[in-house]
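> Numbering (the working numbering), first residue to last: 180 to 642. Where is the CB? At the ideal position from N, CA and C, for every residue including glycine.
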Ligand code: NAP
């Protein structure tokens, strides 16, 4: 039997339900907190008190790495999910079930079996604040989510076994999905694979589907990258193309098969917002566009990782004088990233009005293309499609490039665009669009699975 891992806040029933599953499935039961206490000969509060949190987290990682991978039910400590390395160990070859319950129920359960407080806050407030802080990590940790609010451990155990045996989507919805993928532009090989996964006689009900939503999106590199990462981290997921002109249709299909999440691309990054329960206030809300949707525990949450893909390669250029070429969807994320790095940003665009609107939103300046030479920037970011295959145009003339000017071309097909080639010939430091793709994909993977993929691994898989 594949390892079953239970995650969730304390008081959600991990130990009791874990023991029920252990006896029903004839598998061993391991409580990771107990294992840590046994290994160190100290209680967890004592480890925190005498050796500090860092030491506790290091022991915790060692314990996660040493767990058996088969015939075992693992109940984890409430904060385990916050460490990406733990998630890498726990998710490998496992089915992870997130247990949730409402705050009043958790409080009631914790009051019955007093445990040391985690903060100085009153219990109800402590639960609310800590659950909120860890929520994204809990959602990322889960293959499935189960609400234990109104169930005894025995009934919860039975229902979880049912979930493991049947999966979380009905046959009608799975057949509807196959009809959708058949009517679209999914090539024959991926279609056969998806049909086997969703409706084949050997179907593993625990395999979860996710994909890229767009029109068109057949060119997207995300399915190949994500599926290679699933193999590398031994995750029971499959990533495909949700290509359709109607976003409504895509969202219905995704919800019908209980998809884990979607990467969203053109033309849906704005429209998808109306289908979501929440959008992340740090990027998505400010930019007004979502490129990542995480479905978990009945909610759909939208994030934007594009801006992080622009920000990450530029962290060493904080406060620089930057010119942003373009004022479209990707430029909005780039403007947010550059201003987040306290840069002095001027947006140049073919249609000045669009540059003005974007500049106003993010406190930047705007100007026409001809004013480039006057600005003398330290950094140029190209967020137009100029230079994208089959276009061979360079957004800047060669004489506009200066040796000490860093050039970041967000276009990544071809990998070496005319702008990057010209900039390299001039001796400028360059950053290719592939770096943005890699960083935004790493952030997405973290939001979906709680695992921090090294940039080198993504680079190796996309090249
Ligand atoms: P978009 O919303 O259509 O915006 C395009 C922008 O470029 C607009 O400001 C437009 O100006 C300007 N533009 C278009 N054609 C132009 C031309 N011939 N001359 C001068 N300006 C022109 O596109 P987007 O979604 O922001 O995508 C922009 C590029 O980002 C894409 O082409 C893609 O290569 C790249 N991208 C990279 C990644 C990555 O991970 N590296 C991810 C997504 C996208 P107007 O306002 O005048 O129309």
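#1: Take the Cβ of residue 217 as the centre, count every other Cβ of all protein chains shown within 10 Å, and call the residue buried at 16 or more, exposed below.
#2: With distances taken Cα to Cα, identify the nearest neighbour of residue 510 among 401, 443, 590 and 617.
#3: Give me whichever residues DSSP pairs with residue 376 in a beta bridge.
#4: Can you confirm whether the region 502-517 touches the region 329-347 when touching is taken to mean that 3 or more C-beta pairs between the two stretches lie within less than 8 Å?
#5: Looking at residue 528 and the ligand NAP, is the gap between the Cβ and the nearest heavy atom below 6 Å?
#6: State the CB to CB distance for the pair residue 311 and residue 256, rounded to an integer number of angstroms; the pair is presumed to be in contact (CB under 8 Å).
#7: Could you check whether the Cβ of residue 496 sits closer than 6 Å to any heavy atom belonging to the ligand NAP?
#8: Considering only their Cβ atoms, is the gap separating residue 623 from residue 485 smaller than 7 Å?
#9: Return yes when at least one heavy atom of the ligand NAP lies under 6 Å from the C-beta of residue 615, else no.
#10: With which residues is residue 458 paired in a DSSP beta bridge?
#11: Within the chosen definition, does the region 542-550 reach the region 473-491 through at least 3 CB pairs nearer than 8 Å?
#12: From what residue to what residue does the beta strand (DSSP E) around residue 334 run?
#13: What's the C-alpha gap between residue 553 and residue 394?
#14: Have a look at 366, 429 and 381 and flag the residue whose alpha-carbon is nearest the alpha-carbon of residue 391.
#15: Since residue 266 contacts residue 628 with CB under 8 Å, what's their CB separation in whole angstroms?
#16: Just to confirm my understanding: we take residue 284, look at its own chain, exclude 5 residues before and 5 after, and list those with CB closer than 7 Å. What are they?
#17: What are the boundary residues of the beta strand (DSSP E) that includes residue 182?
#18: Could you please give me the residues that DSSP links to residue 328 through a beta bridge?
#19: Flag this pair as yes or no: are the beta carbons of residue 419 and residue 446 separated by less than 7 Å?
#20: Closest by CA to residue 250, which one among 238, 350, 184 and 241?
#21: Using 10 angstroms around the beta-carbon of residue 625, count the other beta-carbons present and answer buried if the total reaches 16, otherwise exposed.
#22: For residue 300, does the count of other Cβ atoms within 10 angstroms reach 16, so buried, or fall short, so exposed?
#23: Could you check if residue 353 is buried or exposed, using at least 16 other CB atoms within 10 Å of its CB as the buried criterion?
#24: Please name the residue or residues paired with residue 210 in a DSSP beta bridge.
#25: What are the boundary residues of the beta strand (DSSP E) that includes residue 417?
#26: Within the continuous beta strand (DSSP E) that includes residue 194, where are the two ends?
#27: Do residue 558 and residue 496 have their C-beta atoms closer together than 7 Å?
#28: Do residue 517 and residue 479 count as a contact pair if the criterion is CB distance below 7 Å?
#29: Quick check: residue 322 and residue 279, are their CB atoms within less than 7 Å of each other?
#30: Alpha carbons only, please: which of 289, 427, 466 and 436 is nearest the one belonging to residue 453?
#31: Comparing alpha-carbon positions, which option in 295, 248 and 210 lies nearest residue 259?
#32: So, are the CB atoms of residue 336 and residue 196 less than 7 Å apart?
#33: Among residues of its own chain, excluding the 5 on either side of residue 188, which ones have a beta-carbon nearer than 6 Å to its beta-carbon?
#34: Is it buried or exposed, residue 417, if we count other Cβ atoms within 10 angstroms and call 16 or more buried?
#35: Skipping 5 residues on each side, what residues in its chain have a beta carbon closer than 6 Å to that of residue 399?
In short:
#1: Walking along the chain shown from the start, residue 217 turns up at place 38. Counting Cβ neighbours within 10 Å, residue 217 comes out exposed, since fewer than 16 surround it.
#2: Numbered from its first residue, the chain shown carries residue 510 at position 331. Of 401, 443, 590 and 617, the residue nearest in Cα terms is 590.
#3: As a position in the chain shown, residue 376 is number 197, starting the count at 1. Looking at the DSSP assignment, residue 376 forms no beta bridge with any residue, so it has no partner.
#4: Contact fails: fewer than three Cβ-Cβ distances are below 8 Å.
#5: Position 349 of the chain shown holds residue 528. Checking the Cβ of residue 528 against the ligand NAP gives yes.
#6: The residue labelled residue 311 in the question sits at position 132 within the chain shown. The residue labelled residue 256 in the question sits at position 77 within the chain shown. Actually they are not in contact, since the Cβ atoms of residue 311 and residue 256 sit about 18 Å apart, beyond 8 Å.
#7: Position 317 of the chain shown holds residue 496. No, the ligand NAP has no heavy atom inside 6 Å of this Cβ.
#8: Your numbering for residue 485 matches position 306 in the chain shown. Your numbering for residue 623 matches position 444 in the chain shown. No, these two residues do not count as a Cβ contact at 7 Å.
#9: The count along the chain shown starts at 1 and reaches residue 615 at position 436. Distances from the CB of residue 615 to the heavy atoms of the ligand NAP include at least one below 6 Å.
#10: Here the question's residue 458 lines up with position 279 in the chain shown. Note: residue 458 is bridge-paired with 481 in the DSSP secondary-structure output.
#11: Cβ pair count under 8 Å is below three, so no.
#12: Mapped onto the chain shown, residue 334 falls at position 155. Following the DSSP letters along the chain, one finds residue 334 in no beta strand (DSSP E) but inside the alpha helix (DSSP H) bounded by residues 332-345.
#13: The residue labelled residue 553 in the question sits at position 374 within the chain shown. The residue labelled residue 394 in the question sits at position 215 within the chain shown. In this structure, the straight-line span from the alpha carbon of residue 553 to that of residue 394 is close to 39 Å.
#14: As a first step, residue 391 is located in the chain shown; it is residue number 212 there, counting from the start. Across the set 366, 429 and 381, the C-alpha of 429 shows the shortest separation from the C-alpha of residue 391.
#15: Position 87 of the chain shown, counting from 1, holds the residue named residue 266. Position 449 of the chain shown, counting from 1, holds the residue named residue 628. The beta carbons of residue 266 and residue 628 sit about 7 Å from each other, so the pair counts as a contact at 8 Å.
#16: As a working note, residue 284 is residue 105 in the chain shown. Same-chain partners within the cutoff: 328.
#17: Sequence index remark: in the chain shown, residue 182 carries index 3 (1-based). DSSP places residue 182 inside the beta strand (DSSP E), whose first and last residues are 182-186.
#18: Locating residue 328 in the chain shown gives position 149, where the first residue counts as 1. Residue 328 pairs with nothing; no bridge assigned.
#19: Numbered from 1 along the chain shown, position 240 holds the residue referred to as residue 419. Numbered from 1 along the chain shown, position 267 holds the residue referred to as residue 446. Not a contact, by the Cβ cut-off of 7 Å.
#20: Counting from one through the chain shown, the residue named residue 250 turns up at place 71. Among 238, 350, 184 and 241, the Cα nearest to that of residue 250 belongs to 184.
#21: One-based indexing of the chain shown puts residue 625 at position 446. Buried is the call here.
#22: Sequence index remark: in the chain shown, residue 300 carries index 121 (1-based). With fewer than 16 other Cβ atoms from the protein chains shown falling within 10 Å of its own Cβ, residue 300 counts as exposed.
#23: For the purposes of this step, residue 353 is taken as the residue at position 174 of the chain shown. Per the 10 Å Cβ criterion, buried.
#24: Stepping through the chain shown from its first residue, residue 210 is reached at position 31. Residue pairing by DSSP places residue 210 opposite 254 in a beta bridge.
#25: Numbered from 1 along the chain shown, position 238 holds the residue referred to as residue 417. Run containing residue 417: 416-422, per the beta strand (DSSP E) assignment.
#26: Taking the first residue of the chain shown as 1, we reach residue 194 at position 15. Not the beta strand (DSSP E): residue 194 falls in the alpha helix (DSSP H), residues 193-204.
#27: The sequence position of residue 558 within the chain shown is 379, counting from 1. The sequence position of residue 496 within the chain shown is 317, counting from 1. Taking 7 Å as the Cβ cut-off, residue 558 and residue 496 qualify as a contacting pair.
#28: Residue mapping note: residue 479 aligns to position 300 of the chain shown, counting from 1. Residue mapping note: residue 517 aligns to position 338 of the chain shown, counting from 1. Taking a C-beta distance under 7 Å as the contact criterion, residue 479 and residue 517 do not qualify as a contact pair.
#29: The residue you call residue 322 lines up with position 143 of the chain shown. The residue you call residue 279 lines up with position 100 of the chain shown. No, the pair does not count as a contact, with Cβ atoms beyond the cut-off.
#30: Your numbering for residue 453 matches position 274 in the chain shown. Checking every option, the nearest Cα to that of residue 453 belongs to 427.
#31: Counting from one through the chain shown, the residue named residue 259 turns up at place 80. Checking every option, the nearest Cα to that of residue 259 belongs to 210.
#32: Residue 336 sits at position 157 when you count from the first residue of the chain shown. Residue 196 sits at position 17 when you count from the first residue of the chain shown. Contact: yes.
#33: Counting from 1 along the chain shown, the entry for residue 188 is found at position 9. Excluding residues within five positions, the ones whose Cβ falls inside 6 Å are 257 and 310.
#34: Numbered from 1 along the chain shown, position 238 holds the residue referred to as residue 417. Classification for residue 417: buried.
#35: Walking along the chain shown from the start, residue 399 turns up at place 220. The answer, listed in chain order, is 391.
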